[in-house]
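Chains as they are written, first to last, in this note's numbering: chain F, 1 to 301; chain U, 302 to 584.
Note that CB positions come from ideal geometry on N, CA and C, so glycine has one too.
Remember, it's a predicted structure, so these values are computed and weren't measured experimentally.
Let me begin by presenting the structure, written as structure tokens, before commenting on it.
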């Protein structure tokens with residue numbers, strides 16, 4: 001790789017702007033986050049009324065003895081897992097469907113998916129809440145007209161599980177398009193003869209997917225899975241807007257929203273930062289697992 | 302080869318799915334154009350015989366809505382342009398040079414993508430406060446648009462660099478050597494030859510930085526506290542949620558206004574986006 005390097009100059013000159021920005025606004029805040037998580041840092045310290053004091057692991061001890069934190073952590077993991085599985089299932093199924101239809105219906109489905117993908121999280125949230133509104137939303141009306149009279153005027157956000165189900169639907173709606181488009185591009189890259197041979201052998205669509213496509217798409221599937229895990233684990237806007245800040249009595253809190261509430265609603269910045277650190281460590285573990293997977297596949301970085 | 306009946310079934314399913322996926326957007330636009338008594342009616346009819354702009358009038362009549370829209374656009378455009386330029390330079394560095402720490406750096410960019418930026422809201426809050434108070438530089442402290450622009454540039458960079466890498470690598474190095482043989486300078490090669498060649502990749506990358514900036518709710522909510530003249534669109538949307546009953550027509554009209562720019566941008570660049578993703582995934 002002689003390239004530009006042969007003409008003198010240094011890569012660091014090209015990298016300088018990126019490194020300055022990332023150093024100042026990403027690396028330094030991560031360091032600060034860790035630091036604050038070890039401090040007693042509430043409104044009193046922020047305003048200078050009391051000196052900041054080093055707490056050691058005090059905030060973390062407080063977190064792990066807080067029953068609510070354990071519950072929120074578990075909820076976040078389960079909810080993110082459900083979102084990832086649902087998103088991947090819908091995205092992959094529709095990607096396979098796209099390969100079996102003519103251009104016009106394909107365009108229709110792709111455009112609809114692009115629309116959902118492009119919709120900002122906040123407006124997607126408001127629209128879905130309105131769709132499921134007990135008084136004026138069309139979904140409850142349609143369900144009750146179909147004979148499910150229990151849904152007439154049903155308030156989805158009152159119950160913990162139906163509120164989560166509603167948020168899950170919105171998340172799948174806005175994140176399956178990324179999976180669908182990426183996996184579809186991957187399937188198109190598989191030589192046609194391979195799929196034709198499988199079809200001629202009389203394999204069902206499910207077997208073609210399981211035994212032919214999925215193994216060949218492994219690298220693509222790893223990428224979309226990891227991306228989905230990361231997005232869904234740190235979901236904030238949807239929960240905040242759809243359940244009005246974490247649901248009734250905090251029944252729909254996830255880690256991100258919990259950290260926000262601790263820090264900015266009750267001014268416990270130290271505790272909020274400790275939650276942030278826990279999130280950071282979990283996502284770091286996922287990332288390292290991802291890197292190991294890539295390396296095992298012999299990918300060069 | 303395939304039985305036409307199977308294909309017809311598949312196409313019907315596809316069209317049904319398309320309709321279901323598009324329905325929330327249809328309902329949003331429909332409700333924005335319905336008269337208020339139809340929006341707030343128990344019927345929830347899927348059409349309207351009396352389309353009206355009343356809800357949009359309420360939205361734009363709201364104090365400073367135009368200003369919020371302008372702020373959102375300004376922040377997004379500055380972030381897109383700045384992060385595209387910075388990421389382009391960095392992508393050139395990591396693809397066209399061999400140097401110590403290159404692999405380390407790439408791994409760092411990958412890891413940086415996973416950082417939950419939401420968790421950084423707390424330290425960034427204090428950083429922005431100090432930038433404003435201590436350094437006294439105008440336009441960067443809390444309550445300024447700079448406090449939204451700077452973090453979003455940083456958040457967009459790792460993914461943009463990672464994605465642009467594929468595009469820069471796709472440009473053959475022989476082209477570069479030929480340019481130098483013809484006496485082109487480094488800067489000339491970089492900006493006049495390489496830059497236009499990877500431009501489609503830059504556009505695809507920009508979609509992501511544009512959307513994540515345009516969508517931002519958390520930073521806008523946390524950093525713009527007292528200076529409402531610097532608020533962005535999400536805040537304007539929340540005004541229509543009221544304790545005494547939500548103004549759904551207003552919410553849907555404001556949502557429509559907020560969604561349309563992204564939708565247009567997205568559809569315009571979707572071709573580059575799909576091929577760009579293919580490139581990023583193959584890496």
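CB contact flag (residue i, residue j, <8 angstroms)
i                     : j                     : result
residue 533 (chain U) : residue 372 (chain U) : yes
residue 349 (chain U) : residue 331 (chain U) : yes
residue 154 (chain F) : residue 140 (chain F) : yes
residue 84 (chain F)  : residue 254 (chain F) : no
residue 237 (chain F) : residue 125 (chain F) : yes
residue 408 (chain U) : residue 291 (chain F) : yes
residue 53 (chain F)  : residue 40 (chain F)  : yes
residue 256 (chain F) : residue 419 (chain U) : yes
residue 499 (chain U) : residue 472 (chain U) : yes
residue 57 (chain F)  : residue 413 (chain U) : no
residue 462 (chain U) : residue 391 (chain U) : yes
residue 514 (chain U) : residue 416 (chain U) : no
residue 123 (chain F) : residue 556 (chain U) : yes
residue 104 (chain F) : residue 311 (chain U) : no
residue 535 (chain U) : residue 521 (chain U) : yes
residue 570 (chain U) : residue 469 (chain U) : no
residue 549 (chain U) : residue 136 (chain F) : yes
residue 466 (chain U) : residue 360 (chain U) : no
residue 116 (chain F) : residue 174 (chain F) : yes
First and last residue of the uninterrupted alpha helix (DSSP H) at residue i
i                     : result
residue 351 (chain U) : Where residue 351 (chain U) is concerned, there is no enclosing alpha helix (DSSP H), given that its DSSP letter is neither H nor E.
residue 176 (chain F) : 160-188
residue 478 (chain U) : 474-482
residue 149 (chain F) : Looking at the DSSP string, residue 149 (chain F) is not in any alpha helix (DSSP H), and its letter there is neither H nor E.
residue 267 (chain F) : Per DSSP, residue 267 (chain F) belongs to no alpha helix (DSSP H) and is neither H nor E.
residue 193 (chain F) : 192-200
residue 230 (chain F) : 218-233
residue 439 (chain U) : First-last for residue 439 (chain U): undefined, no H or E at that position.
residue 427 (chain U) : 422-431
residue 71 (chain F)  : 67-99
residue 122 (chain F) : 121-131
residue 11 (chain F)  : 11-22
residue 492 (chain U) : Where residue 492 (chain U) is concerned, there is no enclosing alpha helix (DSSP H), given that its DSSP letter is neither H nor E.
residue 414 (chain U) : 403-415
residue 238 (chain F) : 237-242
residue 114 (chain F) : 103-118
residue 444 (chain U) : Segment: none, residue 444 (chain U) is in no alpha helix (DSSP H) and carries neither H nor E.
residue 25 (chain F)  : No alpha helix (DSSP H) holds residue 25 (chain F); DSSP gives it neither H nor E.
residue 255 (chain F) : 255-260
Per DSSP, cross-strand counterpart(s) of residue i
i                    : result
residue 39 (chain F) : F:54
Counting beta carbon pairs with one atom in the stretch 28-45 of chain F and one in the stretch 419-435 of chain U, are three or more of them shorter than 8 angstroms? yes
Check whether the stretch 477-491 of chain U and the stretch 537-545 of chain U touch, using three or more Cβ-Cβ pairs below 8 angstroms as the test. no
Three or more C-beta pairs closer than 8 angstroms, one from the stretch 201-209 of chain F and one from the stretch 166-186 of chain F: is that the case here? no
Taking one C-beta from the stretch 180-195 of chain F and one from the stretch 261-277 of chain F each time, how about it: are there three or more such pairs within less than 8 angstroms? no
Is it a yes or a no for the stretch 481-491 of chain U touching the stretch 52-64 of chain F, going by three-plus beta-carbon pairs under 8 angstroms? no
Within 8 angstroms, do at least three Cβ pairs link the stretch 312-324 of chain U to the stretch 433-448 of chain U? no
In chain order, which alpha helix (DSSP H) runs of at least 4 residues are fully inside the stretch 497-539 of chain U? 500-516, 519-524, 534-539
Check whether the stretch 226-235 of chain F touches the stretch 100-112 of chain F, counting contact only when three or more Cβ pairs, one atom from each stretch, lie closer than 8 angstroms. no
Length at least 3, wholly inside the stretch 328-377 of chain U: the beta strand (DSSP E) runs in chain order: none
Decide if the stretch 445-456 of chain U is in contact with the stretch 375-394 of chain U; the criterion is three or more beta carbon pairs, one per stretch, under 8 angstroms apart. yes
Should the stretch 118-135 of chain F be called in touch with the stretch 211-221 of chain F, which here means at least 3 C-beta pairs below 8 angstroms? no
Going along the chain, which residues of the stretch 13-24 of chain F sit with their C-beta nearer than 7 angstroms to a C-beta in chain B? As a matter of chain content, chain B is missing from the structure shown, whose protein chains are F and U.
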